[in-house]
Amino acid sequence: MSHLDNIPSTPGKFKMDKSPYIHRLRWHSSLAKLTLWSFVFLGLILLFFFRSPSSSALPSDLSRRSLRTYNWGGPDWEKRVRSSARVRSRNGISVLVTGAAGFVGTHVSAALKRRGDGVIGLDNFNDYYDTSLKRARQALLERTGVFIVEGDINDSTLLRKLFEVVAFTHVMHLAAQAGVRYAMENPSSYVHSNIAGLVSLLEVCKSANPQPAIVWASSSSVYGLNSKVPFSERDRTDQPASLYAATKKAGEEIAHTYNHIYGLSLTGLRFFTVYGPWGRPDMAYFFFTRDILKGKSIPIFEASNHGTVARDFTYIDDIVKGCLAALDTAEKSTGSGGKKRGPAQLRVFNLGNTSPVPVSDLVSILEKILKVKAKRQIMKLPRNGDVQFTHANISSAQRELGYKPTTDLQTGLKKFVRWYLSYYSGGKKATG
Ligand SMILES: O=C(O)[C@H]1O[C@H](OP(=O)(O)OP(=O)(O)OC[C@H]2O[C@@H](n3ccc(=O)[nH]c3=O)[C@H](O)[C@@H]2O)[C@H](O)[C@@H](O)[C@@H]1O
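Residue numbers (this note's numbering): 1 to 432.
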């Protein structure tokens with residue numbers, strides 16, 4: 001019997017003894033043991049959080065994933081950061097890319113590096129989906145010379161350290177809790193990443209000297225119940241249909257505040273259902289592919305009265321071009337030392353494809369490419385945040401960013417499937 005077995009788990013486990021004296025003695029000794037073990041336990045927890053001076057300790061009331069600790073710091077680490085952030089082309093920029101092991105983050109980081117910009121990635125490698133895919137993306141970036149620092153955007157000590165080591169000219173902020181439906185399961189992770197994380201990042205950016213210009217990922221979901229099509233940046237965005245959308249909308253308002261008070265240059269990009277190679281396994285096109293190949297049935301949502309559900313699916317390469325153009329046209333922030341010195345740029349752009357495709361057509365395209373008939377299971381659109389359709393008006397991005405999507409869904413899905421088959425035939429399994 002282990003000595004741990006003596007510790008009562010609940011006061012209810014105490015039995016009444018005949019002698020009140022013996023009872024009191026036992027009670028006192030048990031209480032002493034309980035106190036002792038409580039201290040030992042508390043000590044262990046504190047040791048866990050503070051064992052390294054360069055590890056981050058985060059408030060415990062946030063999401064489960066934020067309790068992780070990360071190791072960073074030291075001369076070797078700083079050397080890697082500097083080398084990765086070194087600008088190698090004339091007029092190049094140095095960019096901190098948050099969410100660099102994510103789908104869009106990986107593609108944007110690689111594209112920036114390819115043209116000679118300095119890039120440092122930051123990612124917390126959370127387990128919202130298969131982390132081995134994130135690690136594979138990390139390995140891919142490492143081969144191109146991009147170092148991803150492991151850490152959370154809520155860790156302001158780490159962020160400040162990064163700005164101390166590198167005078168970033170730009171921040172490409174892509175770290176977020178993504179996914180529309182998962183917000184019902186884990187609401188706090190959306191608040192943690194998309195609101196608290198954004199504020200933590202902007203706080204450090206506003207105090208940096210020089211302040212960087214920031215481009216960040218908003219979402220088409222901010223249009224929510226808006227029924228005016230195509231969605232224009234001027235349309236109302238005050239009817240979000242999911243908590244995810246609400247946190248992205250909150251992000252846009254927070255961006256306004258930091259622009260207004262501190263002179264930060266801020267550009268929000270409303271992405272429309274981005275897809276492509278190295279994509280996110282939680283997205284429909286990805287798990288439809290997996291399940292069609294497995295012979296599993298796939299749920300296809302349909303609105304009431306057999307209404308079509310459609311998305312303005314946008315190919316990753318088009319999105320990357322939009323991101324780079326947003327960075328290149330971003331004006332400098334105007335503040336310094338946390339003080340605004342003049343008005344600064346504040347923009348928001350739709351980055352979509354401008355041709356919505358019904359989800360059932362997406363499935364037909366996949367069937368053709370995979371040469372497998374899907375087991376379609378038509379379901380009512382769940383009332384958990386999904387909107388019936390999205391459709392981007394991109395004239396503003398076209399005018400100011402030179403943004404012009406060129407990949408249709410069929411071409412883009414072919415490229416995705418080619419990647420999917422080669423990635424998962426290389427011994428990797430699509431889990432889920
Ligand atoms: O555009 C955006 O801003 C958003 O795009 C996607 O959200 P969503 O369009 O809902 O993408 P999927 O989850 O891949 O769904 C695509 C379509 O398939 C439908 N769907 C989804 C899941 C399913 O089981 N069946 C089904 O028919 C959805 O209703 C939707 O019309 C991303 O997941 C969000 O992170 C992103 O912010």
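A virtual CB, placed ideally from N, CA and C, is assigned to each residue, including glycine.
Check                                                                                                 : Outcome
Cα-Cα separation, Ser265 to Thr257                                                                    : 11 Å
Helix, strand or coil at Trp419 [DSSP, three-state]                                                   : helix
Near ligand 1: Met184 beta-carbon under 7 Å from a heavy atom                                         : no
Secondary structure of Ile267, DSSP reduced to three states                                           : This sequence places Thr at residue 267; Ile is not what is there. In the structure shown, Thr267 sits in a strand (DSSP, three-state: E or B).
Any non-hydrogen atom of ligand 1 within 7 Å of Ile300 CB                                             : yes
Any non-hydrogen atom of ligand 1 within 7 Å of Ser435 CB                                             : Residue 435 is absent from the model: the chain starts at 1 and stops at 432.
Closest by C-alpha distance to Arg181, when choosing among Asn71, Ala241, Pro277                      : Ala241
Alpha-carbon spacing of Asp130 relative to Gly342, whole angstroms                                    : 45 Å
Cβ shell of Lys373 (< 7 Å), same chain only, five flanking positions each side left out               : Glu367
Exposed unless 16 or more other CB atoms sit within 10 angstroms - verdict on Asp123                  : buried
For Gln410, three-class secondary structure by DSSP                                                   : helix
Same chain, Cβ closer than 6 Å to Gly118, neighbours up to 5 away in sequence not counted             : Ala85, Arg86, Val87, Ser94
Simplified DSSP assignment, three categories, for Thr237                                              : coil
Straight-line gap, Leu96 to His306 (C-alpha atoms, nearest Å)                                         : 45 Å
DSSP-derived helix/strand/coil call for Val146                                                        : coil
Thr144 beta carbon less than 8 Å from that of Val215                                                  : no
Identity of the residues DSSP links to Ala136 by a beta bridge                                        : According to DSSP, Ala136 bridges with nothing at all.
Status (buried if at least 16 other CB within 10 Å, exposed otherwise) for Glu253                     : exposed
Cβ contact check for the region 110-117 and the region 176-192: 3 or more pairs under 8 Å             : no
Opening and closing residue of the alpha helix (DSSP H) in which Ser188 lies                          : 187-190
Cβ-Cβ distance between Leu370 and Val417 below 8 Å                                                    : yes
Uninterrupted beta strand (DSSP E) stretches inside the region 150-218 (no shorter than 3 residues)   : 170-173
Cα-Cα separation between Gly263 and Pro356, rounded to whole angstroms                                : 37 Å
Environment of Pro212 [buried if 16+ CB atoms lie within 10 Å]                                        : buried
Anticipated Cβ contact below 8 Å, Ser219 with Arg270, distance rounded                                : 6 Å
Under 8 Å between C-beta atoms of Ser200 and Asn126                                                   : no
Leu122 beta carbon near ligand 1 (any heavy atom closer than 7 Å)                                     : no
Check: Phe349 C-beta below 7 Å from any heavy atom of ligand 1                                        : no
Check: Arg311 C-beta below 7 Å from any heavy atom of ligand 1                                        : yes
heavy atom of ligand 1 below 7 Å from Asp386 C-beta                                                   : yes
Ligand 1 heavy atom lying under 7 Å from the CB of Tyr285                                             : yes
Identified DSSP bridge partners for Gly121                                                            : Val97, Ile148
Contained beta strand (DSSP E) runs [length at least 3] in the region 276-317, N- to C-terminal order : 297-302
Separation of Ile148 from Leu58, as counted between CA atoms                                          : No answer about Leu58 holds up, because its pLDDT of 39 lies below 50 and its placement is not dependable.
Own chain, CB closer than 6 Å to Ser232, minus 5 neighbours either side, in chain order               : Asn393
Where Tyr424 falls: helix, strand or coil (DSSP)                                                      : helix
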